[in-house]
Amino acid sequence: MWELNGRVALVTGASKGVGKGVALELGRAGCDVVVNYHSDEPGAEATVAEIVGFGRRGYAVRADVAMASDVERMIGELIAKFGRLDILVNNAGVQTWSALLDLQESDWDRVIGTNLKGCFLCTKAAAKAMRPGSAIVNIGSGCNKWAFPKLVDYTASKGGIEAFTKVAAVELGPLGIRVNCVAPGAIEIERTKTELPDYAGTWARLTPLGRIGQPSDVGQAVVFLVSAASSFVTGQTIWVDGGLFTRPPWPDAV
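When we follow numbering that gives the first Met the number 0, the leftmost residue of the sequence shown carries the number 0, and every step to the right adds one.
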C-alpha cells in the first residue's frame, strides 16, 4: 500500500459507487478525505464514517460541480477546515441513456456540465490552492476508446476529459502538479447492477481477467497515481479494465 499520511484529498461524487471506492482507498492509505456530494447526503456521511473508522479525518460537503460558485465555496471551505489540498479526484458524473437523434438538449447540457465542465471547474479552483507535489486524477471511461451507443453525451464528456487531462498536465506541470486519468472498465456498483439481469456474469465473460472490477480496483489505481511512486507520471490514461478494452472485437475473441 502506498503511504499518503498527512495528505488531504477531495473526491467529487463520492457518496456511492466508484467515488466512494476511491475515497475509501485514499483513507486507507492515510489521507484525510473531503467527500463531495450533490444530493445524497446520507451516502456521503456513510462514506465519511468509514474514513473516520480508518483513523483519518473525513468531511462531507455539498456542491454542484457544474456551478463555479459552488466549486469555489467548496474549495474555500476545505482550505478553511484542513489548511491544505494535496489531491483532487474528479469523479462526479451522470449519464443519459438515449439515442443520438432522441437526445434532448437539456440532457446534453446536464451531462457535459457535470462531467466535463465540472472537471474543468474543480481542476481550476483546486490547482490554485495546491502546492508543488500535488496530484489530480480524472475518472474517464471505456468510452474514451470505444463508442458507446445510446451514451452520446456521456461518451463526449469522457473523451473530453481524457483530452483535458493532457492539456492540464502540460500547463500544471511547471507548477509541480501532476494530472492523470483513470479509465475503468466494467465496475460493479449500484447503478451498473441495474443495467443487465446478470451484469457481473455478462461482463466477466468478456473481460480477459475473467471478472469484473470493484470500486476498490479503481481506488487503488488512484492511490498509485497520487503517490510518490508515480512522481514522473503525468498526462497519462491508466486503464483499470481487466483487459476489456484491449481485447479486439474478433468474432472468436470470447
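Cβ coordinates follow ideal geometry from the N, Cα and C atoms, glycine included.
Beta-carbon proximity check, residue i vs residue j, cutoff 8 Å
i: Val136; j: Val34; result: no
i: Ala168; j: Val178; result: yes
i: Ile176; j: Ala134; result: yes
i: Ile74; j: Ala124; result: yes
i: Gly218; j: Val21; result: yes
i: Asn143; j: Thr236; result: yes
i: Val239; j: Gly184; result: yes
i: Val60; j: Glu71; result: no
Beta carbon proximity, residue i to chain D, threshold 8 Å
i: Gly12; result: Absent here is chain D; the protein component of the structure consists of one chain.
For residue j and residue i, believed in contact at Cβ under 8 Å, the rounded distance
i: Gly141; j: Phe244; result: 5 Å
i: Leu9; j: Leu84; result: 6 Å
i: Glu24; j: Ser215; result: 6 Å
i: Tyr153; j: Thr95; result: 7 Å
The beta strand (DSSP E) enclosing residue i, as first and last residue numbers
i: Thr236; result: 236-239
i: Ile135; result: 134-138
i: Ala203; result: Premise fails: Ala203 lies in the alpha helix (DSSP H), 198-205, not in any beta strand (DSSP E).
i: Arg177; result: 177-183
i: Ala8; result: 7-10
i: Gly57; result: 57-61
Start and end residues, alpha helix (DSSP H) containing residue i
i: Val32; result: First-last for Val32: 31-36, but that is the beta strand (DSSP E), not the alpha helix (DSSP H).
i: Ala67; result: 67-81
i: Val93; result: Careful: Val93 lies outside any alpha helix (DSSP H) and carries neither H nor E.
i: Val254; result: Since the first residue shown for the chain is 0 and the last is 253, residue 254 is missing from the structure and cannot be characterised.
i: Arg109; result: 104-110
i: Thr233; result: Where Thr233 is concerned, there is no enclosing alpha helix (DSSP H), given that its DSSP letter is neither H nor E.
i: Leu150; result: No alpha helix (DSSP H) contains Leu150, which DSSP labels as neither H nor E.
### Query
With contact counted as at least three CB pairs below 8 Å, one residue from each stretch, are the stretch 87-98 and the stretch 7-19 in contact?
Contact between the stretch 87-98 and the stretch 7-19 is established, with three or more Cβ pairs separated by less than 8 Å.
#### Entry: Three CB pairs or more closer than 8 Å across the stretch 202-219 and the stretch 144-151
Flag = no, the stretch 202-219 and the stretch 144-151 do not touch.
### Query
When the Cβ atoms of the stretch 105-121 are set against those of the stretch 59-70, are three or more pairs found closer than 8 Å?
Using a Cβ-Cβ distance cut-off of 8 Å, the stretch 105-121 and the stretch 59-70 are in contact, since at least three pairs of beta carbons, one from each stretch, lie closer than that value.
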